[in-house]
Structures are given as C-alpha cells and as structure tokens.
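Following: one structure in structure tokens, then a few remarks.
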Amino acid sequence: MHGADTHNHEGILIHKSRVYDMLAGPFVRRSDTPILNVAEVSAGDSVLDIGTGPGYLARAAALRVGPTGRGVGLDASAEMIARATDRAARDGSGATFVHAGAQEMPFEDGEFDAVVSRLAMHHLPGDIKGLAITEVARVLKPGGRMVLADLASSTTAGMLHDLVSHKPDSSGDKANELTALAATAGLVDVTTGRVGWLMYVKARKPGQ
Ligand SMILES: C[S@@+](CC[C@H](N)C(=O)[O-])C[C@H]1O[C@@H](n2cnc3c(N)ncnc32)[C@H](O)[C@@H]1O
C-alpha cells in the first residue's frame, strides 16, 4: 500500500516520510546529541543508525565523526531512505543510507564502532527484534557500543504517560525486553538510562 504505513511480519514500516519528517522531526531530533553522547561517538568512528527514518541520527553522527568516519542509516522503508538520502545531500553530512531490514543487515562482521537506534524497536515484532539485536552484535567491532532509545512502555497508555510526563521509567517493560535480548545476543555491560522522554538500553560487544 503506497504512501501508508505497512504492518507486516517484519515490522511497521512508515512510508509517509515527508509527513513524518515535518511533524516528528523537530520533536525527536532533540535527543540526537544525547544519544550520540551515550554511544560515545567521536571523530573517526563508524556509526550505524537502524530504523533511521529520515536519517536524523545517521546525519548527526556523520557530522560528528567527520571525514575519517562514517555515518550510515538503514531502514526497510524505501520512502524513508529516499528522504534521508535527499536530506544528506543538502546538509553536507556525507551520511549514506541503505534500504534493508534490521533483521538482515547487508554489512560485514565488525564494521561499526557504534550502532544506535531511536523509536524503531517498538516497530519490530518480538522475533524480528531478537534477530535485529543479534545482527547488531555481529556488525559491531569488538568493544563497540549499542544504544537503543525507545518508548519505555509497550502499552498505549504507558506511551502516552511517557510523552505527557516526560518521565519514562527506564525499568519499564521495554527496557527489560531489550536488556534480555542484548544479553542473549552476547552483548555485555548492559545498562539502562534516560534521554529526555525516552529510555535507552546500552551494551557493549566483548573484546578489546
Ligand atoms: C518511528 S520511526 C523512527 C525514525 C527515526 N529513527 C527517528 O528517530 O525519528 C521507525 C522507523 O523504523 C522503520 N522500520 C520498521 N520496521 C523495520 C525493519 N524491520 N527494519 C528496518 N527499519 C524498520 C520504519 O520504516 C520507520 O522509518
């Protein structure tokens, strides 16, 4: 169904990229810098943003890592990838974008120093989420960091509470689920915290 959101077994894809960019952009981008700080992104790093949408985090990462680094965004929506590519051409960030599912990433083992994601995990059904986090563990370098920022609750009431109160509970059910999946994928040093109205789960790939 062109133009509308698609609910399928691999996730809830957003196709109305222009509408999302205009309505959500100014709101969600406030957490770009805090998320990249939690992920300890610095000059020269290779950074992947999964479920990138219009590419906010990938573009912010590309600007931060500079010419010796790499900012890459991945999304299963072709319209989001087109929007993100167009925006990157205008902002000069040098970010690049890949049309693919988070559950089957077209990257080599150990390509990235950091993998970040915002507001995408709740778009993935449980089994796909598990596959995606296993893929994150595969594409991270030894010692690389994963930071997944999302709504704390899986219920509509909980999400509304997070949005209205701006106080997500980082011990909420989403954090617990992502923490368990990170450990299952072999990631270590799993911690949770908050960035604005979102909770995050951070973990590290063993080694180095
Ligand atoms: C709410 S948007 C978040 C966009 C962006 N990360 C942000 O912070 O604004 C969720 C994104 O996840 C994407 N998505 C859903 N299922 C996916 C999958 N299986 N693999 C990759 N991306 C997916 C959607 O197409 C959508 O662009």
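Positions in the sequence shown are counted from 1; adding 409 to them yields this note's numbering.
The beta-carbon is built from N, C-alpha and C at its ideal position, and this holds for glycine as well.
Review point. Within 8 Å (strictly less), CB to CB, does L483 reach chain B?
Key: This model lacks chain B altogether, as it is built from one protein chain only.
Exercise for review: With a threshold of 16 other CB atoms inside 10 Å of the CB of P476, please say whether the residue is buried or exposed.
Suggested key: exposed
**Study point:** S526 - partner residues in DSSP beta bridges
**Key:** L557
Point to revise | Which of helix, strand or coil DSSP assigns to H508 | key: In the structure shown, H508 sits in a strand (DSSP, three-state: E or B).
Practice item. Just mark S580 as buried or exposed, buried being the case when its beta carbon has 16 or more other beta carbons within 10 Å. Key: Confidence at S580 is low in this model, with a pLDDT of 48, below 50, so its placement is unreliable and the value that follows should be read with caution. S580 comes out exposed.
Practice item. Could you tell me the distance, in whole angstroms, from the CA atom of A509 to the CA atom of M555? Key: Cα to Cα, the separation comes out at about 19 Å.
Exercise for review: Would you check if the stretch 542-553 and the stretch 580-599 touch, i.e. whether three or more CB-CB distances between them fall below 8 Å?
Suggested key: yes
Check your understanding: ligand 1 heavy atoms versus the CB of V447: any closer than 7 Å?
Key -> no
**Study point:** Boundaries of the alpha helix (DSSP H) in which G480 is found, first to last residue
**Key:** Not the alpha helix (DSSP H): G480 falls in the beta strand (DSSP E), residues R479 to D484.
Exercise for review: Return the first residue and the last residue of the beta strand (DSSP E) that G602 is part of.
Suggested key: V597 to V604
Review point. For ligand 1, is there a heavy atom less than 7 Å away from the beta-carbon of D559?
Key: no
Practice item. Tell me K611's beta-bridge partners as DSSP assigns them. Key: V556 and T600
Practice item. Can you list the residues near ligand 1, meaning Cβ strictly closer than 5 Å to any non-hydrogen atom, in the order they appear in the chain? Key: E419, G420, L422, I423, V437, G460, G462, D484, A485, S486, M489, G510, A511, R527, L528, A529 and H532
Review point. What alpha helix (DSSP H) runs, 4 residues minimum, are completely inside the stretch 436-479?
Key: 441-447 and 465-474
Review point. Buried or exposed: which applies to D500, given that a residue is buried once 16 or more other Cβ atoms fall within 10 Å of its Cβ?
Key: exposed
Practice item. Out of V481, V428 and R438, state which residue places its alpha-carbon closest to the alpha-carbon of F516. Key: V481 is the residue among V481, V428 and R438 whose C-alpha sits nearest the C-alpha of F516.
Review point. What is the C-beta distance between A491 and S426, in whole angstroms, given that I count them as a contact (C-beta under 8 Å)?
Key: 7 Å
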